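Numbering (the UniProt record's numbering), first residue to last: 282 to 560.
Think of the CB as a built atom: it goes at the ideal place given N, C-alpha and C, for glycine as much as any other residue.
Everything numeric in this text was worked out from a predicted model, so none of it was measured.
Quick notes on the structure that follows.
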Amino acid sequence: AKGAGRNVLRWFEPWMVEENDGRLALSAALRQALEVGELSLAYQPQIDLATGEVVGIEALVRWMSPVLGPVPPDQFIPVAEDGGLIVPLGGWVLRTACQGLARIQEELGQPLRLAVNVSPRQLRGSAWLEEVAAAVVAAGIEPSQLEVEITEGLLLEDRGDVVDMLDALRSIGVTIVVDDFGRGYSSLAYLTRFPIDKIKIDRSFIQEITRADTDAAIVDAIIVMAHALGMTVVAEGVETEVQERYLRERGCDEVQGYRYSPGVPADTLPMVARALSRQ
Ligand code: C2E
Ligand code: CA
Ligand code: CA
Ligand code: CA
Numbered sequence: 282a283k284g285a286g287r288n289v290l291r292w293f294e295p296w297m298v299e300e301n302d303g304r305l306a307l308s309a310a311l312r313q314a315l316e317v318g319e320l321s322l323a324y325q326p327q328i329d330l331a332t333g334e335v336v337g338i339e340a341l342v343r344w345m346s347p348v349l350g351p352v353p354p355d356q357f358i359p360v361a362e363d364g365g366l367i368v369p370l371g372g373w374v375l376r377t378a379c380q381g382l383a384r385i386q387e388e389l390g391q392p393l394r395l396a397v398n399v400s401p402r403q404l405r406g407s408a409w410l411e412e413v414a415a416a417v418v419a420a421g422i423e424p425s426q427l428e429v430e431i432t433e434g435l436l437l438e439d440r441g442d443v444v445d446m447l448d449a450l451r452s453i454g455v456t457i458v459v460d461d462f463g464r465g466y467s468s469l470a471y472l473t474r475f476p477i478d479k480i481k482i483d484r485s486f487i488q489e490i491t492r493a494d495t496d497a498a499i500v501d502a503i504i505v506m507a508h509a510l511g512m513t514v515v516a517e518g519v520e521t522e523v524q525e526r527y528l529r530e531r532g533c534d535e536v537q538g539y540r541y542s543p544g545v546p547a548d549t550l551p552m553v554a555r556a557l558s559r560q
């Protein structure tokens, strides 16, 4: 398919992201998708290992294009970041997720936390703080229910205004989570320099826990270190009972992964959460 009708986007293929003309076309398609409502959110439950209860959900953006089919977020998020779309897209995700949480917990009759993925560019300037405050009020939820997931790369940038933003979010009660921890640029020093409440261990380490001693050792170390720093630890990409048992024995606080549920639509989540909490 490569080379065939580059200006016409059909079923999504990776060259669209890898090559310049593809990215431009994808960016235009994404802009339109945002306007006409082709985006939706999936919610993946997070389970407290000590109680077995669902305590939170992570919002994951979905794009079902009528022309391209489903486009994976790790393909279109970078395009949105480069094409100046991440701020409007991120705002839509935030508002929609807060509304989704409100509906889900009303149905469940029990409050949950909501984790939202945030790209570095969204945290520049002060607009994000206002968006968070407005979205929370509009949905009738508390800021303390909100978790903002940032990647380690952001910490590397080490910009004063990012620290100010994280501090401001925290001061209204928002939890700051470092996503994909251990994958990228990890420097332990960053953890103490930034206002961080929670660490999410990257799923690549979880997947190898029972096969590679080194990955198991890294997971152990992350949990010990995070707890010593007063942070909560969540493991993502938990797929097997063996992985769960390992994480529980090591004192990991929360888990998330296909073992429990993939991301599901808001109207399905309460049913999934009830079934999980009963187990
Ligand atoms: P992430 O934040 O690390 O999200 C976790 C990804 O792992 C999700 O893929 C999820 O569906 C997948 N996953 C969950 N459990 C398992 C498991 O047990 N095994 C495996 N192999 N995978 C699992 P998804 O939804 O395709 O999202 C990919 C990435 O796209 C996310 O990684 C995040 O970086 C980005 N993303 C998604 N939604 C948003 C958003 O609203 N804003 C921003 N800025 N980025 C987003
Ligand atoms: Ca995440
Ligand atoms: Ca992650
Ligand atoms: Ca990721």
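Whose C-alpha, out of the options, is nearest the C-alpha of residue i?
i    : options                   : result
R537 : G337, Q313 and G434       : According to the sequence shown, residue 537 is Gln rather than Arg. The shortest C-alpha separation from Q537 is found at G337.
F357 : Y541, W296, A419 and I482 : W296
V374 : R440, I490, S400 and P392 : S400
T549 : P354, E362, G318 and L382 : L382
V332 : G544, V545 and D534       : The amino acid occupying residue 332 in the given sequence is Thr; Val does not appear at that position. Closest by alpha carbon: D534.
R376 : R304, V413 and I367       : V413
R394 : P359, V459, V443 and Y324 : Y324
V500 : E299, G463, V298 and E520 : G463
S485 : L510, P351, D442 and V519 : V519
Q403 : G421, A420, L450 and S308 : L450
T521 : R492, I367 and V397       : R492
Q380 : D355, I367 and A420       : A420
Using only the alpha-carbon positions, how far apart do residue i and residue j sit?
i    : j    : result
L341 : L410 : 20 Å
A310 : V523 : 42 Å
P476 : L370 : 25 Å
R384 : A547 : 8 Å
E438 : R405 : 12 Å
G532 : R559 : 22 Å
V455 : L320 : 25 Å
T495 : I504 : 14 Å
E316 : G372 : 13 Å
G284 : D448 : With a pLDDT of only 46 at G284, under 50, the local geometry of the prediction cannot be trusted, and the value read off the model is given with reservation. Those two C-alpha atoms are separated by around 48 Å.
S407 : E430 : 18 Å
M512 : D478 : 5 Å
V360 : H508 : 36 Å
D442 : Y471 : 15 Å
E339 : G350 : 23 Å
A306 : D445 : 36 Å
Q488 : P353 : 21 Å
Q313 : V298 : 17 Å
E362 : L436 : 17 Å
I328 : R440 : 33 Å
V459 : E300 : 30 Å
Quick check on the burial criterion: 16 or more other C-beta atoms within 10 angstroms. Buried or exposed for residue i?
i    : result
E423 : exposed
V335 : buried
D302 : exposed
W292 : exposed
R526 : exposed
A516 : buried
G365 : exposed
Q426 : buried
R529 : exposed
T432 : buried
G544 : buried
V418 : exposed
L469 : exposed
G286 : Because the pLDDT of G286 is 48, which lies under 50, any placement of that residue in the model is unreliable, and the number read from its coordinates should be weighed accordingly. By the 10 Å Cβ count, G286 comes out exposed.
A498 : exposed
L510 : exposed
D461 : buried
| task | Mind the definition here: the region 522-540 touches the region 549-557 only if three or more C-beta pairs lie below 8 Å; say whether that holds. | result | no
| field | Pocket of ligand 2 defined by Cβ to heavy atom distance under 5 Å | value | N398, E430 and D460
| With contact counted as at least three CB pairs below 8 Å, one residue from each stretch, are the region 344-361 and the region 385-397 in contact? | no
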